[in-house]
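One structure is given here, and the rest of the page talks about it.
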(Lines of atoms letter the chains of each structure in order from A and count residues from 1; the text may use other names and numbers.)
(Lines give C-alpha, C1' and ligand atoms only; values in the text may rest on other atoms or scores of the structure.)
Protein backbone atom coordinates (compact mmCIF):
# COMPACT_ATOMS: atom_id res chain seq x y z
CA UNK A 1 0.00 0.00 0.00
CA UNK A 2 1.50 3.35 -1.06
CA UNK A 3 1.77 6.58 0.88
CA UNK A 4 -1.14 9.04 0.56
CA UNK A 5 -0.40 11.91 -1.81
CA UNK A 6 -0.45 14.43 1.04
CA UNK A 7 2.21 12.41 2.88
CA UNK A 8 4.42 12.29 -0.21
CA UNK A 9 4.12 16.06 -0.65
CA UNK A 10 4.93 16.56 3.03
CA UNK A 11 8.04 14.35 2.79
CA UNK A 12 9.29 16.28 -0.23
CA UNK A 13 8.78 19.58 1.59
CA UNK A 14 10.62 18.32 4.70
CA UNK A 15 13.55 17.05 2.62
CA UNK A 16 13.83 20.41 0.92
CA UNK A 17 13.87 22.24 4.24
CA UNK A 18 16.54 19.93 5.63
CA UNK A 19 18.73 20.51 2.60
CA UNK A 20 18.38 24.28 2.97
CA UNK A 21 19.14 24.28 6.69
CA UNK A 22 22.09 21.94 6.30
CA UNK A 23 20.71 18.97 8.21
CA UNK A 24 21.14 16.80 5.15
CA UNK A 25 24.09 17.57 2.90
CA UNK A 26 23.25 17.59 -0.78
CA UNK A 27 25.35 15.39 -2.98
CA UNK A 28 28.36 17.21 -4.41
CA UNK A 29 29.98 16.23 -7.63
CA UNK A 30 32.58 13.49 -7.44
CA UNK A 31 36.27 13.91 -7.93
CA UNK A 32 39.42 13.52 -5.89
CA UNK A 33 39.74 15.43 -2.62
CA UNK A 34 42.28 18.26 -2.59
CA UNK A 35 45.83 17.15 -1.75
CA UNK A 36 47.13 17.75 1.78
CA UNK A 37 48.68 21.18 2.32
CA UNK A 38 52.06 19.65 3.16
CA UNK A 39 52.20 17.89 -0.21
CA UNK A 40 51.68 21.06 -2.24
CA UNK A 41 53.88 23.99 -3.13
CA UNK A 42 54.70 25.86 0.08
CA UNK A 43 55.80 29.33 1.09
CA UNK A 44 59.07 29.87 2.93
CA UNK A 45 57.19 30.34 6.21
CA UNK A 46 55.42 27.00 5.71
CA UNK A 47 58.69 25.29 4.81
CA UNK A 48 60.26 26.66 7.99
CA UNK A 49 57.50 24.97 10.00
CA UNK A 50 58.64 21.61 8.64
CA UNK A 51 62.13 21.92 10.15
CA UNK A 52 62.37 19.66 13.24
CA UNK A 53 61.58 21.46 16.49
CA UNK A 54 63.74 21.33 19.60
CA UNK A 55 61.44 18.74 21.17
CA UNK A 56 61.85 16.50 18.11
CA UNK A 57 65.65 16.34 18.18
CA UNK A 58 67.48 13.05 18.82
CA UNK A 59 69.27 12.58 22.12
CA UNK A 60 72.66 14.35 22.25
CA UNK A 61 71.78 16.53 19.23
CA UNK A 62 71.13 20.26 19.62
CA UNK A 63 70.73 23.34 17.47
CA UNK A 64 74.04 24.79 16.28
CA UNK A 65 74.13 28.27 17.88
CA UNK A 66 76.35 29.55 15.08
CA UNK A 67 74.27 27.97 12.28
CA UNK A 68 77.56 27.31 10.49
CA UNK A 69 76.92 26.36 6.89
CA UNK A 70 73.17 26.80 7.19
CA UNK A 71 73.05 28.90 4.02
CA UNK A 72 75.56 26.92 1.99
CA UNK A 73 74.55 24.35 -0.61
CA UNK A 74 76.51 22.09 -2.97
CA UNK A 75 78.05 23.96 -5.87
CA UNK A 76 76.56 23.35 -9.30
CA UNK A 77 80.16 23.22 -10.53
CA UNK A 78 80.96 20.07 -8.55
CA UNK A 79 81.78 16.97 -10.58
CA UNK A 80 82.46 13.36 -9.76
CA UNK A 81 84.34 10.43 -11.21
CA UNK A 82 82.48 8.42 -12.37
CA UNK A 83 80.16 11.31 -13.27
CA UNK A 84 77.00 9.41 -12.28
CA UNK A 85 78.20 9.38 -8.67
CA UNK A 86 76.87 12.92 -8.19
CA UNK A 87 73.52 11.15 -7.92
CA UNK A 88 74.74 9.65 -4.64
CA UNK A 89 74.04 13.03 -3.02
CA UNK A 90 70.96 13.78 -5.19
CA UNK A 91 72.98 16.35 -7.13
CA UNK A 92 73.10 14.74 -10.58
CA UNK A 93 71.10 15.60 -13.69
CA UNK A 94 67.69 15.10 -12.06
CA UNK A 95 68.72 17.05 -8.97
CA UNK A 96 70.01 20.00 -10.98
CA UNK A 97 66.85 20.05 -13.13
CA UNK A 98 64.66 20.01 -10.03
CA UNK A 99 66.58 22.93 -8.54
CA UNK A 100 65.29 25.12 -11.39
CA UNK A 101 61.77 24.62 -10.03
CA UNK A 102 62.57 25.48 -6.42
CA UNK A 103 60.37 28.18 -4.88
CA UNK A 104 61.34 28.01 -1.19
CA UNK A 105 64.18 26.56 0.87
CA UNK A 106 65.06 26.54 4.58
CA UNK A 107 68.15 24.90 6.05
CA UNK A 108 69.06 24.47 9.70
CA UNK A 109 72.25 23.17 11.30
CA UNK A 110 72.59 20.94 14.35
CA UNK A 111 75.59 19.60 16.28
CA UNK A 112 76.25 16.51 18.36
CA UNK A 113 77.33 16.78 21.98
CA UNK A 114 80.18 14.39 21.15
CA UNK A 115 81.08 15.81 17.76
CA UNK A 116 79.55 15.60 14.33
CA UNK A 117 77.22 17.99 12.55
CA UNK A 118 73.85 17.61 10.86
CA UNK A 119 71.96 19.85 8.47
CA UNK A 120 68.28 19.50 7.60
CA UNK A 121 67.08 21.21 4.43
CA UNK A 122 63.45 21.40 3.37
CA UNK A 123 62.75 22.66 -0.15
CA UNK A 124 59.50 23.26 -2.02
CA UNK A 125 59.00 23.23 -5.79
CA UNK A 126 56.41 24.25 -8.36
CA UNK A 127 56.12 20.59 -9.40
CA UNK A 128 56.10 17.24 -7.59
CA UNK A 129 59.52 15.87 -6.68
CA UNK A 130 60.19 13.42 -9.53
CA UNK A 131 60.70 9.71 -8.96
CA UNK A 132 63.72 9.97 -11.29
CA UNK A 133 65.67 11.73 -8.53
CA UNK A 134 65.44 8.61 -6.36
CA UNK A 135 65.77 6.14 -9.23
CA UNK A 136 69.06 7.72 -10.28
CA UNK A 137 70.35 7.72 -6.70
CA UNK A 138 69.53 4.04 -6.32
CA UNK A 139 71.24 3.19 -9.60
CA UNK A 140 74.35 5.14 -8.56
CA UNK A 141 74.74 2.97 -5.47
CA UNK A 142 75.52 -0.03 -7.67
CA UNK A 143 78.10 1.93 -9.71
CA UNK A 144 79.85 3.98 -7.04
CA UNK A 145 81.46 1.57 -4.61
CA UNK A 146 84.37 4.01 -4.70
CA UNK A 147 84.42 7.41 -6.36
CA UNK A 148 86.02 10.85 -6.34
CA UNK A 149 84.31 14.17 -5.77
CA UNK A 150 85.78 17.31 -7.30
CA UNK A 151 84.51 20.65 -5.96
CA UNK A 152 85.76 24.02 -4.72
CA UNK A 153 87.57 22.25 -1.85
CA UNK A 154 89.59 20.07 -4.22
CA UNK A 155 89.44 16.35 -4.94
CA UNK A 156 88.32 13.88 -2.29
CA UNK A 157 88.00 10.10 -2.35
CA UNK A 158 85.06 8.15 -0.94
CA UNK A 159 83.85 4.61 -0.35
CA UNK A 160 80.12 3.96 -0.38
CA UNK A 161 78.37 1.83 2.23
CA UNK A 162 74.76 0.69 1.90
CA UNK A 163 72.52 1.45 4.88
CA UNK A 164 69.16 0.14 6.01
CA UNK A 165 66.59 2.93 6.07
CA UNK A 166 62.79 2.84 6.41
CA UNK A 167 60.28 4.18 3.92
CA UNK A 168 59.46 7.76 4.91
CA UNK A 169 57.26 10.01 2.79
CA UNK A 170 56.46 9.23 -0.84
CA UNK A 171 59.98 8.20 -1.82
CA UNK A 172 63.03 7.71 0.39
CA UNK A 173 66.75 7.34 -0.18
CA UNK A 174 69.74 7.05 2.14
CA UNK A 175 73.37 6.09 1.85
CA UNK A 176 76.63 6.50 3.74
CA UNK A 177 80.07 7.33 2.39
CA UNK A 178 83.41 7.11 4.17
CA UNK A 179 86.34 9.37 3.44
CA UNK A 180 89.41 7.58 2.07
CA UNK A 181 91.33 10.72 1.09
CA UNK A 182 94.99 10.31 1.99
CA UNK A 183 96.34 13.08 4.21
CA UNK A 184 92.88 14.45 5.00
CA UNK A 185 92.11 14.91 8.71
CA UNK A 186 88.58 13.68 7.92
CA UNK A 187 89.89 10.35 6.60
CA UNK A 188 87.89 7.59 8.25
CA UNK A 189 85.00 9.95 8.92
CA UNK A 190 81.56 9.24 7.50
CA UNK A 191 78.80 11.25 5.86
CA UNK A 192 75.26 9.88 5.80
CA UNK A 193 72.73 11.37 3.41
CA UNK A 194 68.97 10.92 3.39
CA UNK A 195 66.28 12.32 1.13
CA UNK A 196 62.51 11.94 1.45
CA UNK A 197 59.78 13.49 -0.66
CA UNK A 198 56.22 14.52 0.05
CA UNK A 199 54.45 15.81 -3.03
CA UNK A 200 56.13 19.06 -4.08
CA UNK A 201 58.55 19.00 -1.15
CA UNK A 202 61.92 17.41 -0.40
CA UNK A 203 63.58 16.78 2.96
CA UNK A 204 67.37 16.43 2.72
CA UNK A 205 69.46 15.44 5.75
CA UNK A 206 73.27 15.34 5.84
CA UNK A 207 75.13 13.97 8.88
CA UNK A 208 78.93 14.39 8.91
CA UNK A 209 80.86 12.63 11.65
CA UNK A 210 84.64 12.79 11.91
CA UNK A 211 86.83 9.83 12.88
CA UNK A 212 86.84 10.91 16.54
CA UNK A 213 83.18 11.88 16.74
CA UNK A 214 80.29 9.78 17.97
CA UNK A 215 78.21 8.60 15.00
CA UNK A 216 74.56 7.73 15.62
CA UNK A 217 72.83 6.69 12.36
CA UNK A 218 69.42 6.70 14.04
CA UNK A 219 69.65 10.50 14.24
CA UNK A 220 69.21 10.77 10.46
CA UNK A 221 66.07 8.64 10.57
CA UNK A 222 64.64 10.60 13.51
CA UNK A 223 65.15 13.98 11.84
CA UNK A 224 63.82 12.80 8.47
CA UNK A 225 60.68 11.40 10.09
CA UNK A 226 60.18 14.59 12.08
CA UNK A 227 60.36 16.82 9.00
CA UNK A 228 57.98 14.65 6.96
CA UNK A 229 55.64 14.49 9.95
CA UNK A 230 55.70 18.27 10.22
CA UNK A 231 54.84 18.58 6.53
CA UNK A 232 51.92 16.21 7.01
CA UNK A 233 50.70 18.30 9.96
CA UNK A 234 50.47 21.55 7.97
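Residue numbers (our numbering): 1 to 234.
All C-beta atoms in this analysis are idealised placements derived from N, C-alpha and C, irrespective of residue type, glycine included.
Check, Outcome
"Just mark residue 162 as buried or exposed, buried being the case when its beta carbon has 16 or more other beta carbons within 10 Å.", "exposed"
"Please specify which runs of the beta strand (DSSP E), each continuous and at least 3 residues long, are wholly inside the region 103 to 182, giving them in chain order.", "117 to 125, 146 to 151, 154 to 161 and 172 to 179"
"Please state the DSSP three-state secondary structure of residue 192.", "strand"
"Do residue 176 and residue 197 have their C-beta atoms within less than 7 angstroms of each other?", "no"
"Taking Cβ to Cβ, would you say residue 124 is nearer than 7 angstroms to residue 47?", "yes"
"Under 6 angstroms Cβ to Cβ from residue 145, same chain only, skipping five residues before and after it: list those, please.", "160"
"Have a look at residue 77 and residue 211 and give me their C-alpha separation to the nearest angstrom.", "28 angstroms"
"Determine the burial state of residue 214: buried for a count of at least 16 other Cβ atoms within 10 Å of its Cβ, exposed for fewer.", "exposed"
"Please confirm if the region 79 to 88 is in contact with the region 136 to 153, defined as three or more CB-CB distances below 8 angstroms between the two stretches.", "yes"
"Just the Cα atoms here: how many angstroms apart are residue 154 and residue 184?", "11 angstroms"
"In the DSSP assignment, what are the bridge partners of residue 79?", "150"
"How big is the Cα-Cα spacing for residue 134 and residue 104?", "20 angstroms"
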